[in-house]
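Position in the sequence shown (first residue = 1) + 105 = this note's numbering.
Working notes, structure below.
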Amino acid sequence: MNKLGVPCGTETSAERMHDHRRKVDSMANLTHLPMPLQESYDWQYEGACRGTDSAQFFSPDAERGSRRRSREDQAKLVCATCPVLDRCRDHALSAREPYGVWGGMTEQERAVVLSRPTLAG
Ligand code: SF4
């Protein structure tokens with residue numbers, strides 16, 4: 106199973122996300138990714154999305170408008186029940202995950218948070 110940040114646990118979705126991640130990794134800032142240690146990703150085994158269809162968390166390329174919002178809202182409902190929501194959100198923000206719902210946040214919501222100036226600078 107892919108251990109590079111896949112939040113969902115089915116073999117089919119994990120394989121799909123692995124292919125997806127390979128494509129997006131070239132666009133992601135890899136310097137922000139946490140070390141690829143087994144311990145770093147153990148929280149994913151506790152995710153409420155484990156075993157669900159990853160398509161609920163990642164939009165198809167052309168998805169827009171109400172269809173997209175509806176899918177994202179459904180994903181966020183799953184996240185709202187998740188025991189590792191905080192760790193997932195922290196990971197997504199620190200890794201600058203470019204796509205998908207992670208920790209109850211869409212990619213657009215993460216972009217807003219990451220664009221804010223920090224107190225440190
Ligand atoms: S917070 Fe959401 S995306 Fe993250 S592990 Fe939990 S259910 Fe999955």
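Note that beta-carbon positions come from the ideal geometry of N, C-alpha and C, so glycine has one too.
Let me check you understand the geometry: is the CB of residue i closer than 8 Å to at least one non-hydrogen atom of the ligand HEM?
i    : result
F163 : Among the ligands present in this structure, namely the ligand SF4, the ligand HEM is not found.
Check each candidate in the options and name the one with the smallest Cα separation from residue i.
i    : options             : result
E214 : A197, S171 and R172 : A197
What residues in its chain sit with their C-beta under 7 Å from that of residue i, if we drop five residues either side in the sequence?
i    : result
G209 : K181, C184, A185, L190 and R194
G152 : P112, C187, V189 and C193
S164 : R173 and R176
Rounded to the nearest angstrom, what separates residue i and residue j at their Cα positions?
i    : j    : result
Q179 : Q161 : 7 Å
G170 : R176 : 10 Å
D158 : S220 : 30 Å
V217 : T211 : 10 Å
R174 : P222 : 27 Å
Y146 : A200 : 13 Å
A167 : W148 : 31 Å
P203 : L224 : 24 Å
Y150 : G205 : 18 Å
Give every residue of the same chain whose Cβ lies closer than 6 Å to the Cβ of residue i, excluding the five residues on either side of it in the sequence, and list them in chain order.
i    : result
W207 : C193 and A197
| query | Quick one: complete alpha helix (DSSP H) runs, 4+ long, within the stretch 161–191? | reply | 170–184
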